[in-house]
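**Student:**
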Amino acid sequence: MTLATSSDDTLTALELVHLRRGGTSVVIDPAAPSGPAIVHWGRELTASTPATLRRLADAAVPQRVSGGLDETGMLSVLPTPARGWLGTPAVEVLRDGHSVSLKFTLVDVTRSAGGVDIDVADADAGVSARVRVAIGEGGVLHQQLTLRNSGVDDLTVLSATASFPVPWEQTEILDTTGRHLRERSPQRRAFTFGTHLRESRRGRPGADATLLLAVGRPGFGFESGMVHGIHVAWSGNHRVLAERAVTGEAFLAGGELLSAGEAVLSPGDSYAAPPVLGSWGEGLDELAHRFHSEWRARPQHPRRPRPVTINTWEAVYFDHSLDRLLRLADASARVGVERFVLDDGWFHGRRDDTAGLGDWVVDAAVWPDGLHPLVDHVRALGMEFGLWVEPEMVNPDSDLARAHPEWILRSRTELPPSARQQQVLDLSHPDAFDHIATRLLALLAEYPIAYLKWDHNRDLVDAGGGPGSASHVRAHTLALYRLIDLLKERHPDLEIESCASGGARVDLGILDRTDRIWTSDCLDPTERLTNQRYTALVVPPEMMGMHLTSPVVHSTHRAVDLGFSAAVALFGHFGVEWDLTTVDDVDSAAIAEWIALAQRLRPLVATGRVVNVDGVEPGIDVRGMVAHDQASAVFVVSQTDTTAAYPPGRLRLPGLRPDDLYRMRILAPAGGDIGPGQSRLGWMEGETILTGQEWGTVGIRPPVQFPQHATVLELTRVVP
Ligand code: DGJ
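Numbering (this note's numbering), first residue to last: 7 to 726.
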């Protein structure tokens, strides 16, 4: 994120601030009674004048009421009890083992890139703070808090949370939960009085984390209904909450979840909280689009066409026989794969998942000539080579763990509970960091590695820096970022995927320095429809790994139609997770066609706007990608189950220019599949040309499909 520069352009004290960008307005009243407050975040206020904004800010001040404080506490950018705020405070700190009252007063407001820095201080408490408030290119509101210990002894930070006011009438909450193989399952509830709190204590966001905490008008969907949501751009422990106070304030807040002792500031030291990002929209698609445009605008965003990737995991698991992998590479190149990724199992002692993590040298017993014969073969076939690593992890059964047990994160003498027979290295230990950095750099020097699949297969539990030590989760997370940054600095063309038992580390902290996520270990297209839809609320589709599955899904044992699996993977970074050496000529040809289609559509996927169609009858799922200039769009109509209506009712294909004409054609299955006893639909026979408005508001009859099949439709603008 590039919102970090600031100038010394100090605004007139107490002047109202109106930030406008990307269709968003943020109005800040530095002189609000309880401290600087955001009095509006959302739709751009295009007609406002300084005078109306002043009155708007005045009109946001709550009344005094019976039974309350003489000055009703108002939500500010740093609400604390000493300012009359009785809800969740933004900042909690300890000095000498007891909590410190914080009553911040404004020091100044200065312009920074895309926004302002609000500096406040409490001289008595010896704490000062900066709240950076900025709007990015896509209209996303960024807030970042920095706390400074201006006292004379240590200060322990317990929390530093950024608050985002939301419209009072938005009374429904949406967030996600999940587990391994089913990340980002949506859940909704009423946003009633009290606090809805979601915390991650896994040392990574976790499969159960909510990527987005959103509140909207009841019944809000993807196409309509005002909704606001926040995301914490951080890969360690974090918390987000939605709170509705009886004093008439509703807000979202988020930050790092610190344990006591993790952030102890010596005099003069600072704590920088992770950025918290807020987006809004008339419907979730608009909210998501802001995140996507903002992310795509970063200089480091991956811009070259996303190479079609094969990952060897489900094809061979730990069976690293060179001959088998060479044949897999041949079969991959034949169907048009562009990147071959060697997954887990190549390094010293790694014959299964019980041993070897930490020993990042090629296993000489399995690979007597190193990885060279495979890498050379892959590259001779015209593909890039990628390699799996899990640099933060160690198996107790490894040379590294035997040599350096003191590098393993733990808070007690004994090791933390084991997970997948592995423990976590303390990357904040300088020697551990140097060792791992040296090994990774050596691999990158020896082999032409274009891509690292960076895995992370366990939660951090009791993750101290040694017996009796405080948690090192924060320090480890910062060290992880430093390590990735170092590799990227030394190898600017290296791409990195963030994988964590599938999609357990999906956040914009890691995605600011990596190139994609592994969205889930579940390759079942029916499951992926939900997972991908809700992951894309924040993550741009081209950064989401979406792979074609083998015909019987390994994680669900469902038998899956090839076309359905491919169609569901089209709106992402396309790849294959299948032993292609077992595929017959007919399926090979079909895979090659799907890969060619994914290659044709990838510019659209990388720049287009995601559209999820609301109100579709149960059993059907419709989603699309509309080109940024609305000259074309592609929709995937998936039959997830049977429908109650037979044939089903009409469905809409929205997102196009209302007055322009668009011609539709069926991309897959070629010509449209017809089941027994079904006639073809009128539009399957020839050209169907409708206006964008007709496509979007009236629609067409979808074909009756077998459950778990999909039709891919392309709409192209007709140039008169
Ligand atoms: C978990 C990942 O999500 C899988 O794709 C695979 O890389 C395995 N780890 C390897 O151990």
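All C-beta atoms in this analysis are idealised placements derived from N, C-alpha and C, irrespective of residue type, glycine included.
#1: For the beta strand (DSSP E) that contains M550, what are its first and last residues?
#2: Just checking W319 against the ligand DGJ - is the residue's beta carbon closer than 6 Å to any of the ligand's heavy atoms?
#3: Among H478, L493, A481, which residue has its Cα nearest to the Cα of W460?
#4: Which residues bound the alpha helix (DSSP H) around K494?
#5: Give the straight-line distance between the Cα atoms of E396 and P280, rounded to the nearest whole angstrom.
#6: Return the chain-ordered list of same chain residues with a C-beta closer than 6 Å to the C-beta of C505, the five sequence neighbours on each side being excluded.
#7: Measuring CA to CA, which of G392, G470, A451 is closest to Q429?
#8: With three or more C-beta pairs closer than 8 Å as the rule, is the region 245-253 touching the region 190-204?
#9: Closer than 6 Å by C-beta to Q176: which residues in its own chain qualify, once you throw out the five before and the five after it? Chain order, please.
#10: Would you tell me roughly how many angstroms separate the C-alpha atoms of V423 and D432, rounded to the nearest one?
#11: Under the rule that 16 or more other beta-carbon atoms within 10 Å means buried, what is R606, buried or exposed?
#12: Is A451 helix, strand or coil by DSSP?
#13: Taking 8 Å as the cut-off, does the region 606-620 touch the region 293-313 (at least 3 CB pairs, one atom from each stretch)?
#14: Taking the Cβ atom as the reference point for each residue, do V126 and V115 lie within a distance shorter than 7 Å?
#15: List the whole-angstrom C-beta distance separating G625 from H715, where the pair is believed to meet the contact cut-off of C-beta under 8 Å.
#16: Given the structure, does D527 come close to the ligand DGJ, in the sense that its CB is under 6 Å from one of the ligand's heavy atoms?
#17: Under the criterion of a Cβ to heavy atom distance below 6 Å, does S507 qualify as lining the ligand DGJ?
#18: Count the other CB atoms, across all protein chains shown, that sit within 10 Å of the CB of E533; report buried if there are 16 or more and exposed otherwise.
#19: Just checking, does the region 587-603 make contact with the region 333-349 on the three C-beta pairs under 8 Å criterion?
#20: Counting along the chain, where does the alpha helix (DSSP H) carrying E268 start and finish?
#21: Look up S169 in the DSSP assignment and give the residues it is bridged to.
#22: At a cut-off of 6 Å, would you count D349 as near the ligand PLP, judging by its Cβ distance to the nearest heavy atom?
#23: Look up R564 in the DSSP assignment and say whether it is helix, strand or coil.
#24: Within the present structure, is the beta-carbon of D468 separated from the nearest heavy atom of the ligand DGJ by less than 6 Å?
#25: Buried or exposed: where does W174 fall if 16 or more other Cβ atoms within 10 Å of its Cβ makes it buried?
#26: Candidates V341, L218, A65: which alpha carbon is nearest G261's?
#27: Would you call L393 buried or exposed, if buried means 16 or more other Cβ atoms sit within 10 Å of its Cβ?
#28: Using DSSP with H/G/I as helix, E/B as strand and the rest coil, what is L293?
#29: Let's see if you can read the secondary structure: which residues bound the beta strand (DSSP E) around G392?
#30: Which value, in whole angstroms, describes the spacing of the CA atoms of R310 and R496?
#31: Less than 7 Å between the C-beta atoms of H383 and S434, yes or no?
#32: Is it a yes or a no for the region 96-105 touching the region 46-62, going by three-plus beta-carbon pairs under 8 Å?
#33: Which residues share a DSSP beta bridge with P546?
#34: Are R70 and L22 touching if we call contact CB-CB under 7 Å?
#35: Apart from the five residues just before and just after G132, which ones in its own chain have a Cβ nearer than 6 Å to its Cβ?
#36: Verify whether the separation of the beta carbon atoms of E288 and M232 is less than 7 Å.
**Tutor:** So, from the listed chains and residues:
#1: On the sequence shown, position 544 is the one that residue 550 refers to. In the DSSP annotation of this structure, the continuous segment of the beta strand (DSSP E) that includes M550 starts and ends at 550-555.
#2: The count along the sequence shown starts at 1 and reaches residue 319 at position 313. At least one heavy atom of the ligand DGJ is nearer than 6 Å to the Cβ of W319, so yes.
#3: Indexing the sequence shown from 1 puts residue 460 at position 454. Measuring from the Cα of W460, the nearest candidate turns out to be L493.
#4: Along the sequence shown, one-based indexing puts residue 494 at 488. Counting along the chain, K494 sits inside the alpha helix (DSSP H) bounded by residues 479-496.
#5: Looking up residue 396 in the sequence shown gives position 390. Looking up residue 280 in the sequence shown gives position 274. Straight through space, the alpha carbons of P280 and E396 are spaced by roughly 24 Å.
#6: Looking up residue 505 in the sequence shown gives position 499. K459, D461, W524, listed in sequence order.
#7: Counting from one through the sequence shown, the residue named residue 429 turns up at place 423. Relative to Q429, the option among G392, G470, A451 whose CA is nearest is G470.
#8: Yes, since at least three Cβ pairs between the region 190-204 and the region 245-253 fall closer than 8 Å, the two stretches touch.
#9: Taking the sequence shown and counting its residues from 1, one reaches residue 176 at position 170. Short of 6 Å from the beta carbon of Q176, and not among the five residues preceding or following it, lie these beta carbons of its own chain, in chain order: V221, G222, R223.
#10: For the purposes of this step, residue 423 is taken as residue 417 along the sequence shown, with counting starting at 1. For the purposes of this step, residue 432 is taken as residue 426 along the sequence shown, with counting starting at 1. Note that residue 423 is Pro in the sequence shown, not Val. Approximately 16 Å, taken between the alpha carbons.
#11: Translated into positions along the sequence shown, residue 606 becomes position 600. Classification for R606: exposed.
#12: To locate residue 451, count along the sequence shown from 1; it is residue 445. When DSSP states are grouped into helix, strand and coil, A451 belongs to the helix group.
#13: Yes, the region 293-313 touches the region 606-620.
#14: Residue numbering aside, residue 126 sits at position 120 when the sequence shown is read from its first letter. Residue numbering aside, residue 115 sits at position 109 when the sequence shown is read from its first letter. Using a Cβ distance threshold of 7 Å, V126 and V115 do not count as a contacting pair.
#15: Here residue 625 refers to the residue found at position 619 when the sequence shown is read from its first residue. Here residue 715 refers to the residue found at position 709 when the sequence shown is read from its first residue. The beta carbons of G625 and H715 sit about 12 Å from each other, so the pair does not count as a contact at 8 Å.
#16: On the sequence shown, position 521 is the one that residue 527 refers to. The nearest non-hydrogen atom of the ligand DGJ is less than 6 Å from the C-beta of D527.
#17: As a first step, residue 507 is located in the sequence shown; it is residue number 501 there, counting from the start. Indeed, a heavy atom of the ligand DGJ lies less than 6 Å from the Cβ.
#18: Here the question's residue 533 lines up with position 527 in the sequence shown. Counting C-beta atoms within 10 angstroms of its own C-beta, E533 has 16 or more neighbours from the protein chains shown and is therefore classed as buried.
#19: Touching, yes, given that three or more Cβ pairs across the two stretches are closer than 8 Å.
#20: Against the sequence shown, residue 268 aligns to sequence position 262. Per DSSP, E268 belongs to no alpha helix (DSSP H) and is neither H nor E.
#21: The sequence position of residue 169 within the sequence shown is 163, counting from 1. S169 has A259 as its beta-bridge partners, per DSSP.
#22: Here the bound small molecules are the ligand DGJ; the ligand PLP is not part of this structure.
#23: Position 558 of the sequence shown, counted from the start, is the residue given in the question as residue 564. Three-state result, R564: coil.
#24: For the purposes of this step, residue 468 is taken as the residue at position 462 of the sequence shown. Between the ligand DGJ and D468, a heavy atom-to-CB distance of less than 6 Å is absent.
#25: Numbered from its first residue, the sequence shown carries residue 174 at position 168. Here W174 is exposed, its C-beta having fewer than 16 other C-beta atoms within 10 Å.
#26: Numbered from 1 along the sequence shown, position 255 holds the residue referred to as residue 261. Nearest C-alpha to G261: L218.
#27: The count along the sequence shown starts at 1 and reaches residue 393 at position 387. Within 10 angstroms of the beta-carbon of L393 lie 16 or more other beta-carbons, which makes it buried.
#28: Against the sequence shown, residue 293 aligns to sequence position 287. Residue state, collapsed to three classes: helix.
#29: Here residue 392 is taken as the residue at index 386 of the sequence shown, counted from 1. Counting along the chain, the unbroken beta strand (DSSP E) around G392 starts and ends at 390-395.
#30: The sequence position of residue 310 within the sequence shown is 304, counting from 1. The sequence position of residue 496 within the sequence shown is 490, counting from 1. Our two residues, R310 and R496, have alpha carbons roughly 20 Å apart in a direct line.
#31: Along the sequence shown, read from residue 1 onward, the residue named residue 383 stands at position 377. Along the sequence shown, read from residue 1 onward, the residue named residue 434 stands at position 428. H383 places its beta carbon 7 Å or farther from that of S434.
#32: Counting Cβ pairs under 8 Å, fewer than three are found: no touch.
#33: The count along the sequence shown starts at 1 and reaches residue 546 at position 540. Residue pairing of P546 in beta bridges, as defined by DSSP: absent, with no partner found.
#34: Looking up residue 70 in the sequence shown gives position 64. Looking up residue 22 in the sequence shown gives position 16. The answer is no: Cβ separation not under 7 Å.
#35: Taking the sequence shown and counting its residues from 1, the one referred to as residue 132 is at position 126. Excluding residues within five positions, the ones whose Cβ falls inside 6 Å are S156, G157.
#36: Here residue 288 refers to the residue found at position 282 of the sequence shown. Here residue 232 refers to the residue found at position 226 of the sequence shown. Note that the C-beta distance between E288 and M232 is below 7 Å.
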